[in-house]
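Colleague: Got a structure for you, written out below as structure tokens; questions coming shortly.
Number of protein chains: 2
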Amino acid sequence: MTATIQTISPSCSDCPIRHRAVCARCEMDELERLEEIKYYRSFEAGQTIIWSGDKMDFVGSVVSGIATLTQTMEDGRTQMVGLLLPSDFVGRPGREGAAYDVVATTDILMCCFRKKPFEKLMSETPHIAHRLLEMTLDELDAAREWMLVLGRKTAREKIASLLSIIARRDASLTGDGGVRPMVFDLPLTREAMADYLGLTLETVSRQISALKKDGVIHLEGKRHVTVPDMGRLMEEAGDDSDGGVFA
Amino acid sequence: MTATIQTISPSCSDCPIRHRAVCARCEMDELERLEEIKYYRSFEAGQTIIWSGDKMDFVGSVVSGIATLTQTMEDGRTQMVGLLLPSDFVGRPGREGAAYDVVATTDILMCCFRKKPFEKLMSETPHIAHRLLEMTLDELDAAREWMLVLGRKTAREKIASLLSIIARRDASLTGDGGVRPMVFDLPLTREAMADYLGLTLETVSRQISALKKDGVIHLEGKRHVTVPDMGRLMEEAGDDSDGGVFA
DNA sequence: CATCTCACTTGATCTGGGTCAAGGATTTTT
DNA sequence: AAAAATCCTTGACCCAGATCAAGTGAGATG
Numbered sequence: 001m002t003a004t005i006q007t008i009s010p011s012c013s014d015c016p017i018r019h020r021a022v023c024a025r026c027e028m029d030e031l032e033r034l035e036e037i038k039y040y041r042s043f044e045a046g047q048t049i050i051w052s053g054d055k056m057d058f059v060g061s062v063v064s065g066i067a068t069l070t071q072t073m074e075d076g077r078t079q080m081v082g083l084l085l086p087s088d089f090v091g092r093p094g095r096e097g098a099a100y101d102v103v104a105t106t107d108i109l110m111c112c113f114r115k116k117p118f119e120k121l122m123s124e125t126p127h128i129a130h131r132l133l134e135m136t137l138d139e140l141d142a143a144r145e146w147m148l149v150l151g152r153k154t155a156r157e158k159i160a161s162l163l164s165i166i167a168r169r170d171a172s173l174t175g176d177g178g179v180r181p182m183v184f185d186l187p188l189t190r191e192a193m194a195d196y197l198g199l200t201l202e203t204v205s206r207q208i209s210a211l212k213k214d215g216v217i218h219l220e221g222k223r224h225v226t227v228p229d230m231g232r233l234m235e236e237a238g239d240d241s242d243g244g245v246f247a
Numbered sequence: 001m002t003a004t005i006q007t008i009s010p011s012c013s014d015c016p017i018r019h020r021a022v023c024a025r026c027e028m029d030e031l032e033r034l035e036e037i038k039y040y041r042s043f044e045a046g047q048t049i050i051w052s053g054d055k056m057d058f059v060g061s062v063v064s065g066i067a068t069l070t071q072t073m074e075d076g077r078t079q080m081v082g083l084l085l086p087s088d089f090v091g092r093p094g095r096e097g098a099a100y101d102v103v104a105t106t107d108i109l110m111c112c113f114r115k116k117p118f119e120k121l122m123s124e125t126p127h128i129a130h131r132l133l134e135m136t137l138d139e140l141d142a143a144r145e146w147m148l149v150l151g152r153k154t155a156r157e158k159i160a161s162l163l164s165i166i167a168r169r170d171a172s173l174t175g176d177g178g179v180r181p182m183v184f185d186l187p188l189t190r191e192a193m194a195d196y197l198g199l200t201l202e203t204v205s206r207q208i209s210a211l212k213k214d215g216v217i218h219l220e221g222k223r224h225v226t227v228p229d230m231g232r233l234m235e236e237a238g239d240d241s242d243g244g245v246f247a
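Protein chains in written order, with the UniProt record's numbering: chain D, 1 to 247; chain H, 1 to 247.
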């Protein structure tokens with residue numbers, strides 16, 4: 001149950017996540033400096049990557065697999081505060097410790113940079129700091145969108161919101177535009193969905209069954225989802241602001 | 001009901017919010033450049049400062065007064081996603097439009113910088129970009145802490161959480177350390193609290209009454225709050241992580 | 001001084017989602 | 001192939017918080 005630390009380190013331009021990673025706009029000499037501090041790290045499903053409060057000596061991006069950011073109260077109530085899908089960034093440059101538990105939900109491969117040298121590089125390279133700010137603003141928007149979901153939506157709307165976010169992210173990763181019907185696999189257990197949505201796993205299960213009965217989604221097995229009509233799903237989510245992805 | 005635009009523009013070093021403002025670590029020539037693009041703007045209680053989606057041509061900080069960031073669904077359900085107290089920063093450098101409605105809850109004075117030149121200054125001054133990143137990370141932490149409140153806390157815990165956050169902020173502004181008992185004025189109506197907490201105003205009212213009956217807080221009028229024991233309040237909030245302010 | 005309005009309180013009732021409990025379907029272990 | 005462990009579903013019941021409704025109290029307005 002320990003992390004396999006692999007030092008594959010292909011050249012940064014081969015990095016499978018370069019389209020969103022900080023290195024996307026780097027010059028050759030910056031690439032070389034990034035190369036020196038870069039390493040890959042893989043974790044098994046269920047492993048905790050970082051514990052809240054632990055010192056975090058790296059930043060990085062998810063290459064493949066899924067992880068979650070969660071907060072837990074003393075009595076065990078837990079709330080997921082972030083979902084890390086491939087290309088998402090993890091880490092808080094300038095901060096010592098981790099603020100949340102980071103848990104691998106599936107087997108996961110991360111592309112990491114040692115934190116200290118990364119910060120040095122960042123302070124010397126304006127566009128990296130810029131890119132970080134942009135990504136942090138994106139995360140802030142996502143967190144605030146989720147506050148509306150948690151605070152004001154019904155259980156059914158919450159499920160529909162989650163499905164439509166996952167579908168959207170999945171489509172943008174596979175470049176699968178607005179093709180209908182939309183097909184994807186749920187990367188989360190019912191319990192993890194419940195933790196994201198502020199519900200119980202029973203309610204999640206019931207609402208998924210209800211959406212299925214009403215023909216909003218179709219299920220094969222427990223995880224494989226087909227959405228015959230994304231517009232319908234987003235209506236169910238109470239969401240007109242579709243972000244233009246499926247316009 | 002239009003905004004009074006005053007161009008008081010005292011020198012930046014006189015800025016009442018310089019301790020948290022972006023200019024805190026600026027050199028003299030940067031201060032002068034900031035001075036050129038700086039202006040003050042005041043709004044009356046109830047005024048909407050920016051509408052979600054509107055083009056936003058400034059960034060800035062709250063000097064005095066309170067504003068809120070809110071999101072609204074088509075059917076009128078609203079969720080507050082941020083509370084802007086004095087010294088808080090507003091604006092999304094690098095983004096065109098506003099993502100949320102910004103509403104003045106009390107009369108408010110803002111210290112603004114024109115956006116385009118501010119962005120230029122930012123791209124030429126690493127430590128400003130740095131400071132912005134830090135502030136955005138703070139906001140992200142606050143948003144995620146609030147996700148736990150919205151998703152997993154009971155009505156009573158939500159109220160206690162809000163009171164303890166306001167008390168904390170108030171104390172750090174007035175430099176009023178850990179002095180017990182803690183006294184402050186609620187800057188929000190019951191309805192605004194409800195919008196922040198994902199509750200109805202009736203529930204907010206009932207829970208405040210309950211906390212009062214149980215001696216957790218004491219009320220004079222409807223807004224003036226005395227907290228005889230901050231530790232007790234934070235227990236009620238289900239919150240051990242007190243941020244060390246009242247350790 | 002009477003009336004309005006706005007912010008709040010309190011009561012009565014209803015209901016969405018939580019809780020508790022009993023399975024079912026797959027996969028993993030032995 | 002039996003046993004155990006996961007993950008999921010469904011039913012029955014309950015309760016925290018929503019909804020509906022009727023006030024109260026303190027400023028503002030005429």
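Glycine residues also receive a C-beta, built at the ideal position from the N, C-alpha and C atoms.
I'd like to know if D:Thr174 contacts chain H, where contact means its C-beta is closer than 8 Å to some C-beta of that chain.
Modeller: Here the question's residue 174 of chain D lines up with position 174 in the first sequence. For D:Thr174, the answer is no, since every Cβ of chain H falls outside 8 Å of its Cβ.
Colleague: Taking only beta-carbon atoms, is H:Gln71 less than 8 Å away from chain D?
Modeller: Counting from one through the second sequence, the residue named residue 71 of chain H turns up at place 71. Closer than 8 Å: yes.
Colleague: With 16 as the cutoff for other CB atoms within 10 Å, does D:Gly91 come out buried or exposed?
Modeller: One-based indexing of the first sequence puts residue 91 of chain D at position 91. Looking at its Cβ environment, which holds 16 or more other Cβ atoms inside 10 Å, D:Gly91 is buried.
Colleague: With distances taken between CB atoms, is the gap from H:Leu197 to H:Lys222 smaller than 8 Å?
Modeller: As a working mapping, residue 197 of chain H is identified with position 197 in the second sequence. As a working mapping, residue 222 of chain H is identified with position 222 in the second sequence. No, the pair does not count as a contact, with Cβ atoms beyond the cut-off.
Colleague: Just to confirm the assignment: which complete alpha helix (DSSP H) runs, minimum length 4, are found wholly within the UniProt domain "Cyclic nucleotide-binding" (22-139) of chain D?
Modeller: The qualifying runs are 28-37 and 115-124.
Colleague: Three or more C-beta pairs closer than 8 Å, one from the segment 51-59 of chain H and one from the segment 97-107 of chain H: is that the case here?
Modeller: Result yes; three or more Cβ-Cβ pairs closer than 8 Å.
Colleague: Whose Cβ in chain H lies nearer than 8 Å to the Cβ of D:Val90?
Modeller: Residue mapping note: residue 90 of chain D aligns to position 90 of the first sequence, counting from 1. Ordered by position in chain H, no residue passes the 8 Å Cβ test against D:Val90, which lies about 13 Å from the chain.
Colleague: Candidates D:Gly82, D:Leu162 and D:Ala155: which alpha carbon is nearest H:Met147's?
Modeller: Here residue 147 of chain H refers to the residue found at position 147 when the second sequence is read from its first residue. The shortest C-alpha separation from H:Met147 is found at D:Gly82.
Colleague: For H:Gln79, return the contacting residues in chain D, with the cut-off set at a CB-CB distance below 8 Å.
Modeller: Your numbering for residue 79 of chain H matches position 79 in the second sequence. Chain D residues near H:Gln79: Met147, Leu148, Gly151 and Arg152.
Colleague: Tell me whether D:Asp141 sits in a helix, a strand or coil according to DSSP, three-state version.
Modeller: As a working mapping, residue 141 of chain D is identified with position 141 in the first sequence. D:Asp141: helix per DSSP, three-state reduction.
Colleague: Between D:Ala194 and D:Leu201, how many whole angstroms is the CB-CB distance? I'm expecting something under 8 Å.
Modeller: As a working note, residue 194 of chain D is residue 194 in the first sequence. As a working note, residue 201 of chain D is residue 201 in the first sequence. D:Ala194 to D:Leu201, Cβ: 4 Å. Contact.
Colleague: Taking D:Val204 as part of the alpha helix (DSSP H), name the residues at either end of that continuous run.
Modeller: Mapped onto the first sequence, residue 204 of chain D falls at position 204. Unbroken alpha helix (DSSP H) run through D:Val204: Leu201 to Lys213.
Colleague: Under 8 Å between beta-carbons, which chain D residues line up against H:Arg95? List them in chain order, please.
Modeller: Translated into positions along the second sequence, residue 95 of chain H becomes position 95. In chain order: Leu137.
Colleague: Could you tell me which chain H residues have their CB closer than 9 Å to the CB of D:Ser123, listed as they occur along the chain?
Modeller: Start at 1 with the first residue of the first sequence, and residue 123 of chain D comes out as number 123. Pro126, His127 and His130, listed in chain order.
Colleague: Against chain D, does H:Asp242 count as a neighbour if the rule is that its beta carbon must be under 8 Å from one of theirs?
Modeller: Here residue 242 of chain H refers to the residue found at position 242 of the second sequence. Below a pLDDT of 50, predicted positions are generally treated as unreliable, and H:Asp242, at 47, falls in that range; the measurement from the model is reported next regardless. Answer no: the Cβ-Cβ gap between H:Asp242 and chain D never drops below 8 Å.
Colleague: Give the secondary structure of H:Glu220 by DSSP, where H, G and I count as helix, E and B as strand, and everything else as coil.
Modeller: Taking the second sequence and counting its residues from 1, the one referred to as residue 220 of chain H is at position 220. Three-state result, H:Glu220: strand.
Colleague: H:Asp240 by DSSP, collapsed to three states: which one?
Modeller: As a working mapping, residue 240 of chain H is identified with position 240 in the second sequence. In this structure, H:Asp240 counts as coil in the three-state DSSP scheme.
Colleague: Can you check which of these residues, D:Val183, D:Pro187 and D:Leu137, is closest to D:Asp229 by C-alpha distance?
Modeller: Here residue 229 of chain D corresponds to residue number 229 of the first sequence, with the count starting at 1. Here the closest residue by C-alpha is D:Val183.
Colleague: Taking one C-beta from the segment 34-41 of chain H and one from the segment 66-75 of chain H each time, how about it: are there three or more such pairs within less than 8 Å?
Modeller: Output reads no: the segment 66-75 of chain H does not touch the segment 34-41 of chain H.
Colleague: When burial is assigned at 16 or more other CB atoms within 10 Å of the CB, is H:His224 buried or exposed?
Modeller: On the second sequence, position 224 is the one that residue 224 of chain H refers to. The residue in question, H:His224, is exposed, as its Cβ has fewer than 16 Cβ neighbours within 10 Å.
Colleague: In this structure, how does DSSP classify D:Cys12 when only helix, strand and coil are distinguished?
Modeller: One-based indexing of the first sequence puts residue 12 of chain D at position 12. Because D:Cys12 sits at a pLDDT of 43, beneath the cut-off of 50, its placement in the model cannot be relied upon, and the point is left open.
Colleague: Which residues share a DSSP beta bridge with D:Thr226?
Modeller: In the first sequence, residue 226 of chain D corresponds to position 226, counting from 1. BP columns for D:Thr226 point to D:Val183 and D:His218.
Colleague: Taking its Cβ as the centre, do 16 or more other Cβ atoms sit within 10 Å of D:Thr125, making it buried, or is it exposed?
Modeller: Residue numbering aside, residue 125 of chain D sits at position 125 when the first sequence is read from its first letter. Label assigned to D:Thr125: buried.
Colleague: Taking the alpha carbon of D:Ala160 as the point to measure from, which residue in D:Val216, D:Glu139, D:Gln79 and D:Glu44 has its own alpha carbon closest?
Modeller: Stepping through the first sequence from its first residue, residue 160 of chain D is reached at position 160. Considering only alpha carbons, the answer is D:Val216.
Colleague: Just to confirm the assignment, what range does the alpha helix (DSSP H) spanning H:Leu197 have?
Modeller: The count along the second sequence starts at 1 and reaches residue 197 of chain H at position 197. Arg190 to Leu197 is the span of the alpha helix (DSSP H), which, as asked, contains H:Leu197.
Colleague: Compare the C-beta of D:Gly198 against all C-beta atoms of chain H and say whether one is closer than 8 Å.
Modeller: By 1-based counting over the first sequence, the position of residue 198 of chain D is 198. So, interface residue.
Colleague: Give a yes or no on whether the minimum CB-CB distance between H:Gly215 and chain D is below 8 Å.
Modeller: The residue labelled residue 215 of chain H in the question sits at position 215 within the second sequence. No, its Cβ sits nowhere closer than 8 Å to a Cβ of chain D.
Colleague: Could you compute how far the alpha carbon of D:Met122 sits from the alpha carbon of D:Ala129?
Modeller: Taking the first residue of the first sequence as position 1, residue 122 of chain D is located at position 122. Taking the first residue of the first sequence as position 1, residue 129 of chain D is located at position 129. Between D:Met122 and D:Ala129, the C-alpha separation is close to 6 Å.
Colleague: Three-state secondary structure (DSSP) at H:Lys158?
Modeller: Within the second sequence, residue 158 of chain H is the residue found at index 158, counting from 1. Note: H:Lys158 maps to helix in three-state DSSP.
Colleague: Could you tell me which chain H residues have their CB closer than 7 Å to the CB of residue 260 of chain D, listed as they occur along the chain?
Modeller: Not covered by the structure: residue 260 of chain D. The range shown for chain D is 1 to 247.
Colleague: Looking at chain H, is there any beta carbon in it that lies within less than 8 Å of the beta carbon of D:Leu133?
Modeller: Here residue 133 of chain D corresponds to residue number 133 of the first sequence, with the count starting at 1. Yes, D:Leu133 counts as interfacial toward chain H.
Colleague: Would you say D:Ala21 faces chain H, with C-beta separation under 8 Å as the test?
Modeller: By 1-based counting over the first sequence, the position of residue 21 of chain D is 21. Confidence is the limiting factor: at D:Ala21 the pLDDT is only 49, short of 50, which leaves the residue's position unreliable and the question unanswerable from this model.
Colleague: Which residues in the same chain have their Cβ closer than 6 Å to the Cβ of H:Leu150, if we skip the five residues on either side of it in sequence?
Modeller: Mapped onto the second sequence, residue 150 of chain H falls at position 150. Gly198, listed in sequence order.
Colleague: Closest Cβ-Cβ distance between D:Glu74 and chain H: below 8 Å?
Modeller: Looking up residue 74 of chain D in the first sequence gives position 74. Chain H, which has a Cβ nearer than 8 Å to the Cβ of D:Glu74, makes this yes.
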